[in-house]
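So the structure is just underneath, and the comments pick up after that.
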């Protein structure tokens, strides 16, 4: 009996696919990449057409031996690595290592791991796509040219252990530039005036002052605010204009890689790395009991919102059955039309909309269920009809002032019956209903509330907003966002506190050095332009060697010049009052992989280190010690008693200075994705809960061309 060998990347995928193909197929896993450039040497012959020196990855010997044995037993070999550039390169490396003829169609690909998709792909093998392979080779070699030349320069000029990357350095620059903008920002005062109005027999409603003396409101100090209030003394409040409109809101498109990472961060508090890890599990397939093993979502590395006709038809049928015909979307799915979209794969969607999250919840981990429900809901909503609102805008004249009140009510929920997209600034859509008002009608101003505000600097990047910015600026591609974030934190260039990125002194120094001497490497537009060239290589429009040649030789000249011009950059350590127990020197603060720690400046003669205790201003609930912030071995912050090991009290939650009003014990801050934080008592016999009142954020204000955003 003839047998076909199918090679995939992971054992989980092999297990799923093996069940779909039957006994005529053997399915083996390559365990990811099998060949790469060597770590211990440059590995690129720049004088010979940038010829790469590939070696077998350490530890892959047994895997390759097993695959070669399987090839000898097979009549046909099909390589089913992921359907992207990286997967194509893996397929090419396997073809070479396993000595499969180059003119033999051995490559298959599929967008979802379902029985129908796998069986169809197995019947349609093709040749290796060398344009894709060359695009991936160009990216890998570009990163090697930059990293293996710039990093040693940083070691010599700044400190050992640093790294510079073609894309990661641009991400650090974005964070440093934002921090500089925040530090240089000068807040400007402005005032707002809110009126509480009443129509007899109706619920009060609010209106904002929008004009004064026929000019757009611009009140910059308390005196100007008082002048406005004085002008309103004895004024009659008369409805001048009522505008009623019907407005519709369209659903968000289905997820692509970047928007999935952003929304999972906002709604589920998942990092980009965690999102991709869990999404990979959903893609590769899970055991669903009687239904068997199946992939739950389509391919997770995509930049297109395109949806197949069959998926649209199935979803429209489901929506009609579940919600009724009015909820079925009348428009075709949005497709990736913005610049730089490769559109190689569909959007991220469930492989079957009929596989509802709650039906399979018992077969999934908690994280898998949460992410699958998010993907399922987003896709379902994207195929539903628009939400429709009845909106009303009312202008109220009072002397020289005009107040405006707005309200809206949902007329038809449409997609909002299933899902609404989160926003980075946590603003919520407030629905309010105004009373029936007519032009010329007088209302009572029950209260006027002036409020002092200050313009706010742009917010620091969170993981979600950084990924969004990288995507919008064309930096990196879907598979690179999570590794970029992970690398810049690991290298100590940025720290993440309260979900926001702050540049470290080291990050500022490296970015400043690269700006001064390697402007192109760290330039946003240059990096985005290089991504476009890689796309053109994949399309067959550019020669990959020429792209490398055009980049490398000017870069090499700049490198030689920088070697001569840059002196040694001293990163001074912060000296503390803590004394080394072994030699008596004052210890200094060092930055390690998991944050700051104390170390003896006498290294290497004295290697004494200890954790850097960060007091949080709260007493330990078990003893008289102070609670301090610490880091776990994985870098996660927790809080414990300064008297450890005599006192072993620890908590993952931020301690609060507020004592429990019920029992007087310690309260900690509890955070839930998509919900306001709350304070909870740690006493298991009490568990009292407090939800702090959320203060409204200042509104945006234009300040003479200076961009100001509300925090």
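Numbering (the numbering used here), first residue to last: 15 to 725. Virtual Cβ for every residue (Gly too), placed ideally from N, Cα, C. Since this is a predicted model, take the numbers as computed values, not measurements.
### Message
Looking at the secondary structure, which residues open and close the beta strand (DSSP E) in which residue 676 lies?
### Response
Locating residue 676 in the chain shown gives position 662, where the first residue counts as 1. From DSSP, residue 676 is part of no beta strand (DSSP E); its letter is neither H nor E.
### Message
Give the list of continuous beta strand (DSSP E) stretches no shorter than 3 residues that lie fully inside the stretch 68 to 129.
### Response
90 to 93
### Task
Could you give the DSSP three-state label for residue 28: helix, strand or coil?
By one-based count along the chain shown, residue 28 stands at place 14. Residue state, collapsed to three classes: helix.
### Task
For residue 364, count neighbouring C-beta atoms within 10 Å of its own C-beta (all shown protein chains included) and say buried if the count is 16 or more, exposed if not.
In the chain shown, the residue the question calls residue 364 occupies position 350. Flag for residue 364 reads buried.
### Task
With a threshold of 16 other CB atoms inside 10 Å of the CB of residue 20, please say whether the residue is buried or exposed.
For the purposes of this step, residue 20 is taken as the residue at position 6 of the chain shown. Buried.
### Query
Where are the alpha helix (DSSP H) runs, 4 residues long or more, that stay fully inside the stretch 157 to 219, in chain order?
182 to 198
### Query
Given residue 184, which residues of its chain have a CB within under 7 Å of its CB, disregarding the five upstream and five downstream residues?
If you number the chain shown from 1, residue 184 lands on position 170. Result list for residue 184: 489, 536, 538 and 541, in chain order.
### Message
Looking at the ligand SAM, does it come within less than 6 Å of residue 149, judged from the CB to the closest heavy atom?
### Response
This structure simply doesn't include the ligand SAM, nor any ligand for that matter.
### Task
Under the assumption that residue 42 contacts residue 81 (Cβ atoms under 8 Å), give the Cβ distance between them as a whole number of angstroms.
The sequence position of residue 42 within the chain shown is 28, counting from 1. The sequence position of residue 81 within the chain shown is 67, counting from 1. Right, their Cβ atoms sit about 6 Å apart.
### Message
Spatial neighbours of residue 83 within its chain, please: C-beta separation below 7 Å, excluding the five flanking residues on both sides.
### Response
The count along the chain shown starts at 1 and reaches residue 83 at position 69. The answer is none, since no qualifying residue turns up.
### Query
Less than 7 Å separating the beta-carbons of residue 671 and residue 632?
Against the chain shown, residue 671 aligns to sequence position 657. Against the chain shown, residue 632 aligns to sequence position 618. Yes, the Cβ-Cβ distance between residue 671 and residue 632 is below 7 Å.
#### Entry: CB of residue 292 within 7 Å of CB of residue 381, strictly
Your numbering for residue 292 matches position 278 in the chain shown. Your numbering for residue 381 matches position 367 in the chain shown. Their beta carbons are under 7 Å apart, which means residue 292 touches residue 381 by this criterion.
#### Entry: residue 467 - containing beta strand (DSSP E), residue span
Reading the chain shown from its first residue, position 453 is the one you call residue 467. Unbroken beta strand (DSSP E) run through residue 467: 456 to 468.
### Spatial neighbours of residue 259 in its chain, beta-carbon cut-off 7 Å, leaving aside the 5 residues before and after
Here residue 259 refers to the residue found at position 245 when the chain shown is read from its first residue. These residues qualify, in order along the chain: 405.
### Task
Ignore the nearest five residues each way along the sequence and tell me which others in residue 444's own chain have a CB closer than 6 Å to its CB.
Stepping through the chain shown from its first residue, residue 444 is reached at position 430. Confidence is the limiting factor: at residue 444 the pLDDT is only 49, short of 50, which leaves the residue's position unreliable and the question unanswerable from this model.
#### Entry: Segment contact flag, the stretch 117 to 129 with the stretch 137 to 155, C-beta cutoff 8 Å, min 3 pairs
yes
### Task
Apply the 10 Å Cβ neighbour rule to residue 148 and answer buried if 16 or more other Cβ atoms are within range, or exposed otherwise.
Against the chain shown, residue 148 aligns to sequence position 134. Buried, because 16 or more other Cβ atoms sit within 10 Å of the Cβ of residue 148.
### Query
Between the stretch 459 to 469 and the stretch 200 to 219, do at least 3 Cβ pairs fall closer than 8 Å?
yes
### Task
Mind checking who residue 398 pairs with in its DSSP beta bridge?
The sequence position of residue 398 within the chain shown is 384, counting from 1. Residue 398 is bridged to 342.
#### Entry: Assumed close pair residue 663, residue 674 - CB separation to whole angstroms, cut-off 8 Å
As a working mapping, residue 663 is identified with position 649 in the chain shown. As a working mapping, residue 674 is identified with position 660 in the chain shown. That pair is no contact at about 16 Å.
### Task
Round the Cβ separation of residue 270 and residue 316 to the nearest angstrom and send it over; I've been treating them as touching at under 8 Å.
Position 256 of the chain shown, counting from 1, holds the residue named residue 270. Position 302 of the chain shown, counting from 1, holds the residue named residue 316. Confirmed, Cβ separation roughly 5 Å.
### Task
From the DSSP output, in three-state form, read off residue 554 for me.
Here residue 554 refers to the residue found at position 540 of the chain shown. Note: residue 554 maps to coil in three-state DSSP.
### Query
Whole-angstrom Cβ separation of residue 401 and residue 280, contact assumed at under 8 Å?
Stepping through the chain shown from its first residue, residue 401 is reached at position 387. Stepping through the chain shown from its first residue, residue 280 is reached at position 266. Actually they do not touch by this definition, with Cβ atoms about 20 Å apart.
### Query
Taking Cβ positions, are residue 334 and residue 398 nearer each other than 7 Å?
Position 320 of the chain shown, counting from 1, holds the residue named residue 334. Position 384 of the chain shown, counting from 1, holds the residue named residue 398. For residue 334 and residue 398, no; Cβs fall outside 7 Å.
### Message
So if DSSP puts residue 653 in a beta bridge, which residue, or which two residues, is it bridged to?
### Response
Reading the chain shown from its first residue, position 639 is the one you call residue 653. Per DSSP, 643 and 665.
### Query
Does the distance from the C-beta atom of residue 54 to that of residue 23 stay below 7 Å?
As a position in the chain shown, residue 54 is number 40, starting the count at 1. As a position in the chain shown, residue 23 is number 9, starting the count at 1. No, they are not a contact pair.
### Task
Indicate whether residue 58 and residue 66 have their beta-carbon atoms separated by less than 7 Å.
For the purposes of this step, residue 58 is taken as the residue at position 44 of the chain shown. For the purposes of this step, residue 66 is taken as the residue at position 52 of the chain shown. Cβ distance < 7 Å, so residue 58 and residue 66 count as in contact.
### Reduced DSSP secondary structure (H/G/I, E/B, other) of residue 317
To locate residue 317, count along the chain shown from 1; it is residue 303. Three-state DSSP puts residue 317 in coil, outside helix and strand.
### Message
Measuring only the C-alpha atoms, how far is residue 323 from residue 192?
### Response
Walking along the chain shown from the start, residue 323 turns up at place 309. Walking along the chain shown from the start, residue 192 turns up at place 178. Straight-line Cα distance between these residues: approximately 43 Å.
### Extent of the continuous beta strand (DSSP E) run through residue 262
Start at 1 with the first residue of the chain shown, and residue 262 comes out as number 248. Residue 262 -> beta strand (DSSP E) spans 251 to 263.
### Cβ neighbours of residue 594 in the same chain (closer than 6 Å, five flanking residues each side left out)
Taking the chain shown and counting its residues from 1, the one referred to as residue 594 is at position 580. Around residue 594: 601, 614 and 622.
### Query
Run through DSSP, which three-state label would residue 291 get?
Numbered from its first residue, the chain shown carries residue 291 at position 277. DSSP places residue 291 in helix when its eight states are reduced to three.
### Message
Am I right that residue 266 and residue 396 are in contact with their C-beta atoms under 8 Å? What's the rounded C-beta distance?
### Response
For the purposes of this step, residue 266 is taken as residue 252 along the chain shown, with counting starting at 1. For the purposes of this step, residue 396 is taken as residue 382 along the chain shown, with counting starting at 1. About 6 Å separates the two Cβ atoms, so the contact holds.
### Query
Under 7 Å, do residue 481 and residue 495 count as touching if we go by C-beta distance?
By one-based count along the chain shown, residue 481 stands at place 467. By one-based count along the chain shown, residue 495 stands at place 481. It is a contact, given that the beta carbons lie within the stated cut-off.
### Query
Which partner residues does residue 514 have in the DSSP bridge list?
To locate residue 514, count along the chain shown from 1; it is residue 500. Answer is 511, bridged to residue 514.
### Query
Between residue 145 and the rest of its own chain, which residues show a CB-CB distance below 6 Å, the 5 nearest in sequence each way excluded?
Along the chain shown, one-based indexing puts residue 145 at 131. Cβ within range, chain order: 552 and 554.
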